[in-house]
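To start, the structure under review is shown below, and the notes come after it.
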DNA sequence: CTGTTTCGATACGACTCTGTATTCGATACA
DNA sequence: TGTATCGAATACAGAGTCGTATCGAAACAG
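Residue numbers (the numbering used here), protein chains in the order written: chain A, 28 to 247; chain B, 28 to 247.
Right, here's the structure in full:
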């Protein structure tokens, strides 16, 4: 019931190389365009022009704009999760470095401010769309759920190894971290003069570390 | 240079009663519609139909959809600020109660879940729009700036009276609080099963209180 | 009660977007 | 080399939207 994505494909054929390349260009153009004007603000026309195709190409690959959006959801989600998994593997970092890594997942920092901006706008669009549309909501929820579970495990291990305890469940902690990381980036985009995006998130980490106590005191 | 809003009005006339009522209905309809479909997804037609007018009425009052959006920016901003000012006056509350009040500002909780949802979607739209459009960005920045300054003062007084210190500037603290409050609401909308919107924000407050130390240790 | 002003409704032309049906060129394969 | 297939371009019909220019009714002033 929730596996509706990509109806366009007949399961028999394995998707030719050319076709896949076309789609990739369409997706890239869509990411740009959506970041600039939002889902609703972007016409199929816009999007195809950017990609250097005509609408014929689009409708040959996707049944509707909505279907492309769902495709993007899954791919972006998978990309984020993959990057966090990498971090999980390389774990055992000091707090600041860990934060930097996590923020990089969110903001793709190495690619420069412009890309970070676009990525954040795209996330914002995703979020709004997920709140409005049940199908998108389910897809996004699945992605976020995995992400949060991984983050929670990461944090839990981290605290356990260091013998620290905080007065918050690791799930809530993961949620808070995501909220703060994304929120910090957004704040920075709204008001670039007020310090880097990291600095606000670092304040949160500072707070977190000061709230952490040795695990010894297990008694409630 | 930044006082462009409301060009439609000739400064001479004082805006008749009838006209003001019409605008109010248009604004109310716009809030609904924007929350449901976003700025770009809402046609002037949609909006007028909802308000029970034809497009003629709209163009007689606003030069463009964009102008209406800016009008909403200012009004919503003013409303938020006013409510926070009230809280500031009634201050001297315990942390949980203070948080509840602040969340009420954000989420208008008394008006029920549906309205909270709409309000949050609208805020999301505002934020994205502010990141994209310089003029909207300036307007939103002004509103947010006042809000943040008030919150910071509130928090600062609060901590000072209690003789507490946290390792973060009060400005950053205010930013964090806003980010967390808004983020918590958003999280709740994305995943209503995972506890109330307040519970996540409360976790943050718990963290914050545990991180707070008596001011005595000023040396450092 | 009458003349004037105000303000929303109506009518209109231009434009844009959508989705489909068809065409045509390129590529793969025998 | 000839032919079948695939995939993007083109052409087209229909719907929706925009902004304006004009009209008519209600509100208001004298």
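Cβ atoms here follow ideal geometry from the backbone N, Cα and C, with glycine treated the same way. No experiment lies behind these values; they were computed from the predicted model shown.
Between the region 208-227 of chain B and the region 193-200 of chain B there are fewer than three inter-stretch CB-CB distances shorter than 8 Å, so the stretches are not counted as touching. Contact between residue 204 of chain A and residue 178 of chain A holds: their C-beta atoms lie close to 6 Å from each other, under 8 Å. At a cut-off of 4 residues, the continuous stretches assigned as alpha helix (DSSP H) that sit fully inside the region 180-244 of chain A are 197-217, 224-238. Per the Cβ contact rule, the region 71-90 of chain A is in contact with the region 42-61 of chain A (3 or more Cβ pairs under 8 Å).
Apart from sequence neighbours up to five positions away, the residues of its chain that approach residue 59 of chain A with a beta-carbon distance below 8 Å are 77, 145, ordered along the chain. The beta carbons of residue 97 of chain B and residue 174 of chain B sit no closer together than 9 Å. Assignment of residue 119 of chain A by DSSP, reduced to helix, strand and coil, places it in the coil class.
Along the region 157-179 of chain B, the positions whose C-beta sits under 9 Å from a C-beta of chain A are 157, 158, 159, 164, 167, 168, 171, 172, read in chain order.
DSSP places residue 68 of chain A inside the alpha helix (DSSP H), whose first and last residues are 44-68.
Residues of chain B with a Cβ closer than 7 Å to the Cβ of residue 218 of chain A are, in chain order, 168. Contact note: residue 64 of chain B reaches chain A through 67, 159, using a C-beta cutoff of 9 Å and chain order. Annotation for residue 79 of chain B: no alpha helix (DSSP H) segment contains it, and DSSP assigns it neither H nor E.
Residue 86 of chain B sits in a helix when the DSSP states are folded into three classes. Not a single CB atom of chain A sits nearer than 9 Å to the CB of residue 122 of chain B.
Within the same chain, 123, 126 come within 8 Å of residue 229 of chain B by CB-CB distance, once the 5 residues on both sides are set aside.
For residue 160 of chain B, the secondary structure class from DSSP, reduced to helix, strand or coil, is coil.
No Cβ-Cβ contact shorter than 9 Å links residue 170 of chain B with residue 89 of chain B.
Straight-line measurement puts the Cα of residue 44 of chain A at about 59 Å from the Cα of residue 109 of chain B. Between residue 120 of chain B and residue 80 of chain B, the gap from beta carbon to beta carbon reaches 9 Å or more.
At a Cβ-Cβ threshold of 9 Å, residue 130 of chain B and residue 224 of chain B count as neighbours. If the five residues before and after residue 64 of chain B are omitted, its C-beta is found closer than 8 Å to the C-beta atoms of 73, all from its own chain and listed in chain order. Counting the other Cβ atoms within 10 Å of the Cβ of residue 128 of chain B gives 16 or more, which makes it buried. When Cβ-Cβ separations below 9 Å define contact, residue 195 of chain B makes contact with chain A.
The alpha-carbon of residue 106 of chain A is positioned some 33 Å away from that of residue 237 of chain A. Straight through space, the alpha carbons of residue 92 of chain A and residue 67 of chain A are spaced by roughly 10 Å. Looking only at A/242, A/113, A/55, the smallest Cα-Cα distance to residue 103 of chain A is reached by A/55. Neighbours of residue 91 of chain B across chain A, judged by C-beta separation under 7 Å, do not exist; the nearest C-beta is about 15 Å away.
Pairing residue 163 of chain B with residue 139 of chain A, the inter-Cα distance amounts to about 24 Å. Taken residue by residue, none of the region 42-61 of chain B has a beta-carbon sitting less than 7 Å from a beta-carbon on chain A. Rounded to the nearest whole angstrom, the CA to CA distance from residue 117 of chain A to residue 186 of chain A is 16 Å. Leaving aside the five residues that flank residue 132 of chain A on each side, the residues in its chain whose CB is nearer than 8 Å to its CB run, in chain order, 107, 110, 111, 114.
Counting only residues of its own chain and dropping the five nearest sequence neighbours on each side, residue 222 of chain A has a CB closer than 8 Å to the CB of 215.
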